[in-house]
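Presented below is the structure to which this report refers.
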RNA sequence: GGCGCCUUCGCCAAGUGGUAAGGCAGAGGUCUGCAAAAUCUCCAUCUCCGGUUCGAAUCCGGAAGGCGCCUCCA
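Numbering (this note's numbering), first residue to last: 298 to 775.
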């Protein structure tokens, strides 16, 4: 039984889809005014796991993720760069896809853009006016927060408290300072669309209400996004959608925790803005994915590049073990058999993810089974049969297909990781390999003092070597 | 001023009433020419103060520190 923490109820709720096993999920995508950063990566990776898990549970999932490709920031940025809005948003959408593909994220079933849904947006605004919840002033349309009884139910606020707070600015067109704009009359040189209220453009929240209900219906199962969107974005989405349709909008609200960089929120002004590209210059995408899932999705992550090294090391450990497992399992001719270790792992895996997607608990289970493998694989005496080994492969394959790591060919991926390390640490590969060859000469001559001296020299270059019957391997230490 | 979140071993991180998962680092052992890798053993009473309870890291009240939102934000 799957339990999901629901922001609306503020507790873990048992997940019950609206229509049999059909599930509709909408996740707020990027406002594409800039390149994706690691905060976006965190959110996408967290939601990717949710999607894979729901599908594993055999739900027939429709996953919708939008692009917001018109808003103040986009207009401003396009003007600064003297490019058209379309050029800017297309560039950034492309960058988003590059990042998302590198990280191995499942593509949504539908990826609507705000600019392609203006008619839906206008229709929703009209409906809100018809329902006397929204009002028009000078070509702009506002949502009247005190005309919608449930305003504040997601974020746990009430209108009076918010007005009492000093930070709401008073705008003369608004009936209530908390009212927000649904349709904005456009200034010259701004993108605009014809509407019943003159030419204008959508407000900041309406696009998600319009697009989600268009593809998933007035009432659907899951709506996701970053914590920061709870207020006002998601609060307003509820107000708009429910105000327009009169139906309950979303059953489960899922929000991922924030990612800070060295204790502070990322921002251009603090100069701690890390794009996905920046991170992937230094660490393999799978390392980044592993890192993000090592923390529960609702727990805040304080990001530091150096922390990725831990993840890199652990992934390498898994792949080293997997390489051995595969080699021994290959010899099996029979069908996979699951022993108690395999069963225990799978049970723990499933119950952890069913408990609000608890990935850190999955990691503990992974370490348990991998330790067991390392205990058992090297010794011919206690090594299980090939069929049992194939049973391990089978359960690990299930897990890795959800986790999105440890799911590649070990030798190839270790080489990829090594290449990223070489680039990151500025290591000279030829130099290393020459030194290793020299050392092996000395070892053959049993001149261990000379051999050890070379090894020390390599160690200074952060190179750690490992002698095996098949030859000498080297890895890069941290 | 309002709303919400967080504080668990040196570091990362699970745990939401039943007596502290896991990883990294560290110490010691096995293995190894020596190493490395792997493995084994050891390594916390949960920011503080009160309360509820047979029993609390987990619930309640208070304090301290940190963070987020209330303006665009994953």
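Where is the CB? At the ideal position from N, CA and C, for every residue including glycine. Note that the structure is predicted; figures quoted are calculated from it, not measured.
If you follow the alpha helix (DSSP H) that residue i is part of, which residue opens it and which one closes it?
i	result
residue 716	707-722
residue 332	Unbroken run through residue 332: none, as it is neither H nor E.
residue 573	573-579
residue 524	It is not in any alpha helix (DSSP H) - residue 524 carries neither H nor E in the DSSP assignment.
residue 763	Not the alpha helix (DSSP H): residue 763 falls in the beta strand (DSSP E), residues 760-765.
residue 646	637-651
residue 745	745-757
residue 506	503-513
residue 739	726-741
Rounded to whole angstroms, how far is the Cβ of residue i from the Cβ of residue j, which I believe are closer than 8 Å?
i	j	result
residue 396	residue 573	4 Å
residue 601	residue 559	6 Å
residue 523	residue 552	7 Å
residue 535	residue 320	Between residue 320 and residue 535 the Cβ distance is about 19 Å, and since that is not below 8 Å, they are no contact.
residue 306	residue 527	The pair is not a contact, with the Cβ atoms about 13 Å apart (cut-off 8 Å).
residue 418	residue 507	5 Å
residue 666	residue 638	6 Å
residue 430	residue 438	Incorrect: roughly 10 Å between the Cβ atoms, too far for contact.
residue 686	residue 622	6 Å
residue 433	residue 350	44 Å between Cβ atoms; not a contact.
residue 711	residue 618	Incorrect: roughly 12 Å between the Cβ atoms, too far for contact.
residue 736	residue 748	5 Å
residue 361	residue 409	7 Å
residue 571	residue 643	So it is not a contact: roughly 36 Å between Cβ atoms.
residue 688	residue 636	6 Å
residue 664	residue 587	13 Å between Cβ atoms; not a contact.
residue 620	residue 717	In fact, because the Cβ distance is near 18 Å, the residues do not count as touching under 8 Å.
residue 490	residue 371	Contact flag wrong, Cβ pair sits at about 15 Å.
residue 542	residue 511	Going by Cβ atoms, the distance from residue 542 to residue 511 rounds to 12 Å, so no, they are not a contact pair.
Closer than 7 Å: is that where the CB of residue i sits relative to any heavy atom of the ligand GDP?
i	result
residue 500	Ligands are entirely absent from the displayed structure, and the ligand GDP is therefore not among its contents.
Quick check on this structure: which residue in the options has the alpha carbon closest to the alpha carbon of residue i?
i	options	result
residue 634	656, 675, 691, 665	691
residue 365	349, 498, 444, 433	498
residue 604	620, 614, 576, 619	576
residue 723	770, 677, 676, 774	774
residue 476	494, 530, 672	530
residue 684	549, 627, 419, 435	627
residue 615	646, 593, 669	669
residue 721	362, 759, 661	759
residue 544	420, 699, 517	517
residue 785	713, 590, 765, 568	Since the first residue of the chain shown is 298 and the last is 775, residue 785 is not available in this structure.
residue 346	709, 739, 504, 655	655
residue 713	511, 746, 671, 578	578
residue 674	717, 625, 496	625
residue 428	446, 412, 436	446
residue 422	457, 478, 411	478
residue 646	334, 339, 525, 353	353
residue 599	630, 562, 610	562
residue 661	399, 514, 341, 611	611
residue 334	761, 568, 355	568
residue 309	300, 681, 738, 700	300
residue 340	371, 540, 525, 718	525
residue 357	677, 738, 311, 513	513
residue 322	548, 496, 671	548
Give the range of the beta strand (DSSP E) segment to which residue i is assigned.
i	result
residue 359	357-362
residue 323	319-324
residue 303	300-303
residue 770	768-773
residue 481	477-482
residue 309	308-311
residue 498	497-499
Ordered list of alpha helix (DSSP H) runs contained in the segment 532-566, each at least 4 residues: 532-542
Whether or not the segment 724-734 and the segment 752-772 are in contact is what I'm after, with contact meaning three or more pairs of Cβ atoms, one per stretch, closer than 8 Å; do they touch? yes
Please give the ranges of any alpha helix (DSSP H) in the segment 371-440, keeping only runs that are unbroken, at least 4 residues long and fully inside the region. 382-399, 415-427
Given 8 Å as the limit, is there contact between the segment 377-391 and the segment 449-461, that is, 3 or more CB pairs closer than that? no
Contact the segment 397-404 vs the segment 439-448: 3+ CB pairs below 8 Å: no
Ignoring anything shorter than 3 residues, give me the beta strand (DSSP E) runs that lie fully in the segment 572-632, in order along the chain. 598-600
Does the pairing of the segment 541-556 with the segment 481-488 give three or more beta-carbon distances under 8 Å? no
Three or more C-beta pairs below 8 Å linking the segment 384-395 and the segment 327-334: yes
For the 8 Å Cβ check, are there 3 or more pairs between the segment 576-593 and the segment 638-650? no
Fully enclosed by the segment 662-699, which alpha helix (DSSP H) runs are 4 residues long or longer? none
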